[in-house]
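Protein chains in written order, with the numbering used here: chain V, 1 to 333; chain G, 1001 to 1333; chain Y, 2001 to 2333; chain E, 3001 to 3333.
Don't be surprised by glycine CBs; every beta carbon is placed ideally from N, CA and C.
A quick write-up on the structure given underneath.
4 protein chains.
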Amino acid sequence: MRFFSDNAASVHPDVMAAMARANHVDTAYDGDALSQSLDRLMSDLFETEVTALWVATGTAANALALASLCPPYGSVLCHNDAHIQNDECGAPEFYTHGAKMSVMPGDGAKISAETLKAQLAAAPGGVHWTQPHALSITNATEYGRVYTPADVAALGAIAKAHGLGFHMDGARFANAVATVGCAPADVTWRAGVDVLSFGFTKNGGMSAECLVYFDKAKAAGVVERRKRAGHLLSKGRYMAAQIIALVQNDVWLANARAANAGAQKLAAACGPRLIQPVEANEVFARMTPDEVARLRAAGFDFYDWAQGEVRFVVSWDQPEAEIAAFADAITRL
Amino acid sequence: MRFFSDNAASVHPDVMAAMARANHVDTAYDGDALSQSLDRLMSDLFETEVTALWVATGTAANALALASLCPPYGSVLCHNDAHIQNDECGAPEFYTHGAKMSVMPGDGAKISAETLKAQLAAAPGGVHWTQPHALSITNATEYGRVYTPADVAALGAIAKAHGLGFHMDGARFANAVATVGCAPADVTWRAGVDVLSFGFTKNGGMSAECLVYFDKAKAAGVVERRKRAGHLLSKGRYMAAQIIALVQNDVWLANARAANAGAQKLAAACGPRLIQPVEANEVFARMTPDEVARLRAAGFDFYDWAQGEVRFVVSWDQPEAEIAAFADAITRL
Amino acid sequence: MRFFSDNAASVHPDVMAAMARANHVDTAYDGDALSQSLDRLMSDLFETEVTALWVATGTAANALALASLCPPYGSVLCHNDAHIQNDECGAPEFYTHGAKMSVMPGDGAKISAETLKAQLAAAPGGVHWTQPHALSITNATEYGRVYTPADVAALGAIAKAHGLGFHMDGARFANAVATVGCAPADVTWRAGVDVLSFGFTKNGGMSAECLVYFDKAKAAGVVERRKRAGHLLSKGRYMAAQIIALVQNDVWLANARAANAGAQKLAAACGPRLIQPVEANEVFARMTPDEVARLRAAGFDFYDWAQGEVRFVVSWDQPEAEIAAFADAITRL
Amino acid sequence: MRFFSDNAASVHPDVMAAMARANHVDTAYDGDALSQSLDRLMSDLFETEVTALWVATGTAANALALASLCPPYGSVLCHNDAHIQNDECGAPEFYTHGAKMSVMPGDGAKISAETLKAQLAAAPGGVHWTQPHALSITNATEYGRVYTPADVAALGAIAKAHGLGFHMDGARFANAVATVGCAPADVTWRAGVDVLSFGFTKNGGMSAECLVYFDKAKAAGVVERRKRAGHLLSKGRYMAAQIIALVQNDVWLANARAANAGAQKLAAACGPRLIQPVEANEVFARMTPDEVARLRAAGFDFYDWAQGEVRFVVSWDQPEAEIAAFADAITRL
């Protein structure tokens, strides 16, 4: 019973079916009808004209987005716990050609407007220090917390005032939107976001993320960068098919709600063990080594987050019975 | 009827079935059982211990291989018509951090031992000129020609004598092996090749290539580079499944033979129009604009290669009837 | 008697004196009065408002200029014999983060308008091929040939029509201007050049080149790139002092004329041996191995350019007697 | 009266004289006799066989050294206040092609063995996190503190145990050695340092640092990287001349002692204002805005380090009278 991460879950039947339907010859790369429909699909979903591209991984999506926003000699403001800082083996540095991640603290891996202001105020100008060109936040965060439209808008205003591009790592964007209940537009471009890495892989896809540029001018060069990174798959129609299958009929939201609901059950079982409010599909809890061992012995797999801390992640396809059994096991500790 | 390229063909049923079988939760990235079995699979196929990694595209496979062989301040010797030089939007330069492609001529996009020797002899030493560190050839070539084991061994000996790493772009490796009829080992490591980009996407896969390091020491850092490039897919098992499905039961060879046979039929129809001997699944022929227009009008799609030249590519799944109809149409021109 | 290159000549007394005068504490980097005066100095010389920066080497100047004009995923059109292609160990690739040099032939290392047009016409569009973003020419060329204002303007018009940035490598700009006798503006911005690497090191400087941006907008980011490349010397005043000393009183032109005049004497001695018209301070001549050996034995040092070809370069400080002796020795061969 | 930094001081008369003596034609780049003598000079000074190269700036020296020690996908452990992290506009990221700086705290910008051990222990393994490949310390530090041979050896042992390359940024190496009174070897290779950026520019040079490789194998590729960075000056003899002039007759130590002694006088004047022990030529002191204003009004220039903190730096050529006047002014506050 795997609560280790949502990144290795199964692929949603609708997605598998859509990929099977795409299994005939069509134009290569992103010239096929499915790929060509992504701009429209995402423009409708986000209620504004966007440029949308499929990419195989969240790491590639994030790194391409940052390369669009930050020159090699600039820096990207992000949280100290951000995925782009800690979990991508330097992909942002690779794609931006050496920009610096300029990190900030913040509870629950969230950046507050106050912290951002202070970071910018403390930054020396001039040519010796890498000047900030972009802000990147993760929603839901690496601690399963969400930014509300107001949270994002506060950061967006600061970003705009300082001429920073604004990127949102939305590997779990669906989970955040499902929790907040807002329009996708509200927590993105209406709040100042320029580019979104819209994650589908963790949400029932096989390997598909959508890079959504709300500021279409900022997309200049991204198709060249994608090609050059070896991310222009020749049979791109299978990528587009995944995204379309998840967006149609709101499968993405249904999947996110299922995962979030499961996390709430685990959260209830954790009670005072919780380290963070559970706002998406991730649960962070305190646990002794002995307790950890007992859960593992009972067949539950999860992540040792830090000394005395564990992380449970509920996937879109996690069986109810598994969740109930895990909640029960936690309760009985 | 698409003879434009084999890069947008359908996915082989065995591959689709294998992907469907992989559709359950498993360890993420390349920790799953399928991914973990690739070293063994490829070691058996190549009759030597290798390090094997899945990668989503040939461009990424080539660029990763070159980054393993050539430092940023070096150069890669390749043919003037090489895919790495012309068709990857600078991916080799991106992944190697700026190495130079040092190009050579040669009939049929083949590099001869004589040309390679002359290129190396003419190269000035010292620090001002980028020194060659790697040799890269494409087999089958961009003109559908093949290198025999002897051809490769002649180049391999020169590469070894000059301390060059030796890469083979095998986007159509299957087609080459099917034509030559040798063991895969004969035309690779036994002939001095250090790293092979073993292509499956054009051969019935969806998006899977296998990077095979015959010199395992040269694989140092490649997993980090793959991650950093955003090419470590979290659900890697679907990648491995494709490769395994194609290697098992020699589907890769059957598919290549089918495509090659189709090309021979078109070659026969072309007769004196042929610009190159047809040794794989690509046909290059002379054709007037009027003839091109008539074929197009009859429903055949193909590539305008150059002034007065066209390229036809036969895919693994090309219906016999389509091939026959096309051959007939060419004959009747 | 060294006719090997002008890159190792002595430093002009005016330059040495100016550096000695600068030998007192002043603001660091380029905050000192001398560095701050460069924009004015160059704006006056070129009769338009420019942004001017000192850089220690021509390689750095060229590479910075190209990074200003070409994104990592683009290409730079240049001559096959260009210094940026052959003699900088990949500096342009390093500074541009992997742009490609797209080379063209042309007599005397000159690019003709016809060749440039053909190269652009042959270039496929799209995302697979690195699209051209810049044109770079060398004046005087690597074969000691010069571009006239009309030559440059013809190229500049094409560059403009194709949206290319236009760079001139002016390592021997002084020699070219001295020969053509035009205003520096005529052969640069008035003919469409955006950025000039204005060389002083070969012309009596110690280690100082001036990067001159005629299109000031294209200078965005160059000071950051210079710093990041380790080229923002803390005692920049000694750099500025060199440039000022050479521009004041037209020392740069006097030095170039002296070198050019010496080359004419050698050219006259070479007569039918000449491979290229002598238009600057370089002489290319045919010579047998035996003749080469005899000149060497007589104490003359020069460059073996190619099989049966030699290069002589006359420096600004080359003693008249040395030149006369060499001309005499050549004549007597 | 400038106590702002030692980076803009005048050039020592011996250096100016040596440069004047070098003012005749010689072999270009580093082929001249002076450049060729650097290995010997530094091998003697450090009592072991080294590879030594001149570089024009400390930023270039540091970045080249780090590129020798750390691959693009690795990280460099350094202090949070390190020059390489804060003051080089991302030069280490540029030269290493995107390695990450992995920062640590520590009083006085010194890294303690305990902190280094903890940082390494906390680092996750695997391919997602950039693995550490190098350690870089600054001696004297950015806060004018020094590492003793024992301090360095403790770090060196940890570096060796973890397979890390060990770099020392010695922009003020002379000041550190002058204070500690050890052999240069004791605080470098005998303590595990692989590469030293040996600074001369702040110590009476014009623009010359010496990159000293104690582990000669680690110098592989550095000459290519230097060329490619545009740092292979064609008249390198003037660079070598500076270094030789400062090492001969121990001018480097005399200059450092002069600067350090001046700093001690200011330190005595500061008394309880001192934020850090004064161990080199830098003084960090608490000061109110009003006090700062009074000193400025009296003609003293210095650096506003942080809120309520100032930095004074004494240069090698600072007149005794200036120092005395400044000490007096501080005392009278």
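Residue i burial status per 10 Å Cβ neighbour count (16 or more: buried)
i, result
"G/D1107", "exposed"
"V/A150", "exposed"
"Y/G2125", "exposed"
"V/K202", "buried"
"G/K1216", "exposed"
"Y/H2024", "exposed"
"G/Q1307", "exposed"
"V/N249", "exposed"
"E/G3271", "exposed"
"G/A1122", "exposed"
Test item: CB-CB of residue i and residue j under 8 Å
i, j, result
"Y/T2130", "G/G1090", "yes"
"Y/V2195", "Y/S2068", "yes"
"E/A3219", "E/L3266", "no"
"G/V1055", "G/H1167", "no"
"G/A1259", "G/D1006", "yes"
"G/L1077", "G/Q1119", "yes"
"E/G3144", "E/Q3276", "yes"
"G/G1205", "G/L1246", "yes"
"Y/H2162", "Y/P2132", "yes"
"V/V212", "V/V50", "yes"
"E/D3026", "Y/A2008", "yes"
"V/A241", "V/A28", "no"
"V/I243", "V/F200", "yes"
"V/A233", "G/T1057", "Per the sequence shown, residue 233 of chain V should be read as Leu rather than Ala. Yes, the pair counts as a contact, with Cβ atoms nearer than the cut-off."
Residue-level contact to chain E via CB, residue i, 8 Å cutoff
i, result
"V/P105", "no"
"V/G98", "yes"
"Y/M2206", "yes"
"V/F302", "no"
"Y/H1984", "Shown here, chain Y extends from 2001 to 2333; a query on residue 1984 of chain Y therefore has no answer."
"Y/N2023", "yes"
Contact with chain V by residue i, beta-carbon distance below 8 Å
i, result
"E/Y3073", "yes"
"Y/K2227", "yes"
"Y/V2223", "yes"
"G/D1026", "yes"
"G/Y1238", "yes"
Min CB distance residue i to chain G below 8 Å
i, result
"V/H128", "no"
"Y/F2094", "yes"
"V/T201", "yes"
"V/A123", "no"
Residue-level contact to chain Y via CB, residue i, 8 Å cutoff
i, result
"V/L232", "yes"
"E/A3297", "no"
"E/A3219", "no"
Contact test: residue i Cβ vs the ligand SAM heavy atom, cutoff 7 Å
i, result
"G/V1313", "As presented, the structure is devoid of all ligands, the ligand SAM included, so that no description of it is given."
For this session: Note down, in chain order, all residues in the region 2003-2019 of chain Y with a beta-carbon under 7 Å from any beta-carbon belonging to chain E.
Result: S2005, N2007, A2008, A2009, S2010, V2011, M2016
Problem set entry | Residues, ordered as in the chain, of the region 76-92 of chain V that lie near chain E by beta-carbon distance below 8 Å | N86, D87, E88, C89, G90
For this session: Jot down the residue ranges of each uninterrupted alpha helix (DSSP H) in the region 1236-1280 of chain G, minimum 4 residues, whole runs only, in chain order.
Result: 1237-1247, 1251-1270
Exercise. Of the residues that make up the region 2045-2060 of chain Y, which ones have a beta carbon closer than 7 Å to any beta carbon in chain B?
Worked result: No chain B is part of this structure, whose protein chains are labelled V, G, Y and E.
Exercise. Along the chain, which unbroken stretches of the alpha helix (DSSP H) at least 4 residues long are found entirely within the region 2098-2156 of chain Y?
Worked result: 2113-2122
For this session: Please specify which runs of the beta strand (DSSP E), each continuous and at least 3 residues long, are wholly inside the region 37-97 of chain V, giving them in chain order.
Result: 51-55, 74-79
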